[in-house]
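To start, the structure under review is shown below, and the notes come after it.
There are 2 protein chains.
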Amino acid sequence: MNEVEKFKEKLKDKGYKLTTQRRVILDVIMENREKHLSSEEIYDLVRQKYPEIGLATVYRTLLLFEELGIVYKLNFDDGRNRYELYHNEVHQHHHLICLKCGAVIEMEGDLLEDLEKAIEETKDFEILDHNVKFFGYCSKCRKKND
Amino acid sequence: MNEVEKFKEKLKDKGYKLTTQRRVILDVIMENREKHLSSEEIYDLVRQKYPEIGLATVYRTLLLFEELGIVYKLNFDDGRNRYELYHNEVHQHHHLICLKCGAVIEMEGDLLEDLEKAIEETKDFEILDHNVKFFGYCSKCRKKND
DNA sequence: TAGTTTATGATATTCATTTTCAATTGTCAA
DNA sequence: TTGACAATTGAAAATGAATATCATAAACTA
Chain A
38 MNEVEKFKEK
48 LKDKGYKLTT
58 QRRVILDVIM
68 ENREKHLSSE
78 EIYDLVRQKY
88 PEIGLATVYR
98 TLLLFEELGI
108 VYKLNFDDGR
118 NRYELYHNEV
128 HQHHHLICLK
138 CGAVIEMEGD
148 LLEDLEKAIE
158 ETKDFEILDH
168 NVKFFGYCSK
178 CRKKND
Chain B
38 MNEVEKFKEK
48 LKDKGYKLTT
58 QRRVILDVIM
68 ENREKHLSSE
78 EIYDLVRQKY
88 PEIGLATVYR
98 TLLLFEELGI
108 VYKLNFDDGR
118 NRYELYHNEV
128 HQHHHLICLK
138 CGAVIEMEGD
148 LLEDLEKAIE
158 ETKDFEILDH
168 NVKFFGYCSK
178 CRKKND
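This is the structure we're talking about:
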C-alpha cells in the first residue's frame with residue numbers, strides 16, 4: 038500500500054471525507070518532503086494547483102493531518118507553525134537553525150536516548166515527544182564572518 | 038556589585054534610561070525567579086505595584102531586557118512568550134512539560150554537551166544556544182491515569 | 001439518486017504582540 | 001539648578017497568525 042492509499046485509509050477510518058482540497062494539500066506536502074513549510078507557504082503552493090481554495094481550509098486540514106499523524110508540527114521560533122511529513126525517524130532528528138541566514142539544517146541520530154531514560158527514571162516523567170533545536174551559525178555564515 | 042546595580046550599569050552602558058517602569062518590571066521578575074512568567078502575567082504583577090503602566094511598555098521592556106541579557110526568552114509552545122531571569126546555568130537546564138496539566142518541571146545538568154561537540158565537528162555549525170523540551174506526562178498525571 | 005452529514009470559502013473574530021504618535025520624563029551640559 | 005534634547009511612555013490603532021461562524025456545496029451511504 039503506497040502513501041496515498043494509506044492516507045485515504047486514515048481519513049476513512051475516522052469518518053473523514055476525501056476531498057480534492059485535502060488531496061492537493063497532501064500532494065504539496067509530499068512534494069516538499071525535505072522542507073519545513075509554514076501554513077502560509079503551503080497555502081501559496083496549494084493555490085497554484087487549486088486557486089479556489091480558502092486559507093481556512095488549509096489551516097483546518099493541517100490541524101486534521103496533525104491529529105491523524107500525517108504531518109508533524111515544528112516550531113522554529115519564527116512565529117508560525119511549520120509542518121513536515123510524518124516519518125518514523127521524525128523523533129530522531131533535530132534541527133540546527135542559523136541565526137544569521139535562517140537556514141535550517143536537519144540532523145539525524147538520537148543521542149538523546151540516554152538522557153530520556155535518565156529523566157524517566159529520576160523524574161518519573163513519561164516522555165512522549167521532544168523538541169530539540171540548536172541555534173548558532175552555519176558553516177556558510179561562519180566563513181563570511183572571517 | 039549586586040544585581041540591581043549591575044542592571045543599572047547595563048542600561049547606562051547602552052545609553053538607556055533608568056525609569057520607574059523598568060525598575061518595577063525588574064523587581065517583579067526578580068521576585069519570581071523560579072517561575073516562567075508570560076508577558077501578560079508580568080503585566081498583571083507589575084500593575085499591582087504601578088497601576089499606571091501600559092501593556093506596551095511591558096512588552097517593550099521585556100524585549101530590551103532580552104537584548105541586554107537580563108532575561109531569557111522561553112517558548113513552551115503555548116502561544117505566548119515566557120521569560121526567566123538570566124543566569125549562567127540557563128543554558129544548562131531543560132524543561133519537562135506535562136501535556137495533561139501543563140506543569141513545567143525544571144531539569145538541571147547538561148547531558149547535551151557531547152551531542153553539541155559532535156554537531157560542531159561534523160556539521161561545522163557553531164552552537165550558541167539550544168532549546169530542549171520534553172513533552173509527556175508528569176508523575177501526578179500518570180497516577181491519575183491508573 | 002436522494003438524503004444526510006461533513007467540508008468548504010468568505011468573512012469576522014480572537015489573541016499576542018508591535019507600531020504610532022503626542023505627551024512626558026530622564027540625563028547631561030552649561 | 002535649569003533647560004534642552006533625546007529617550008520613554010501610555011493609549012489606541014495596527015498587525016499577523018490562527019480560529020470560529022455560517023450559509024452553501026460537496027462527499028458518502030442506503
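If you read the protein sequences in the order shown, they are chains A and B. First residue of the first sequence: 38, per my numbering; consecutive thereafter. First residue of the second sequence: 38, per my numbering; consecutive thereafter. In this text, a Cβ means the ideal position worked out from N, Cα and C, and glycines have one as well.
With a beta-carbon spacing of about 5 Å, GLU163 of chain A and TYR174 of chain B fall inside the 8 Å limit used to define contacts.
Counting the other Cβ atoms within 10 Å of the Cβ of LEU165 of chain A gives fewer than 16, which makes it exposed. Within chain B, no residue has its CB atom less than 7 Å from the CB of HIS73 of chain A, the nearest being about 15 Å off. Taking a cut-off of 8 Å for Cβ pairs, the segment 145-155 of chain A and the segment 97-105 of chain A do not touch, as fewer than three such pairs fall below it. Taking the CA atoms as reference points, GLU46 of chain B sits about 49 Å from LEU92 of chain A. Remark: C-beta atoms of VAL95 of chain B and ILE79 of chain B approach each other more closely than 7 Å.
DSSP, read as helix, strand or coil, puts TYR174 of chain B in strand.
DSSP places LEU100 of chain B in the uninterrupted alpha helix (DSSP H) bounded by 92-104. Residue contact check for ASP161 of chain A against chain B: a CB pair falls below 7 Å.
Scanning the segment 58-93 of chain B from its first residue to its last, the whole alpha helix (DSSP H) runs of 4-plus residues come out as 76-86. Using beta-carbon distances, VAL141 of chain A does not count as an interface residue toward chain B, since no partner is under 7 Å. From the listed residues B:GLU145, B:VAL169, B:CYS138 and B:LYS160, the smallest Cα separation to LYS181 of chain B is found for B:CYS138. At a cut-off of 7 Å between beta carbons, ASN112 of chain B contacts chain A.
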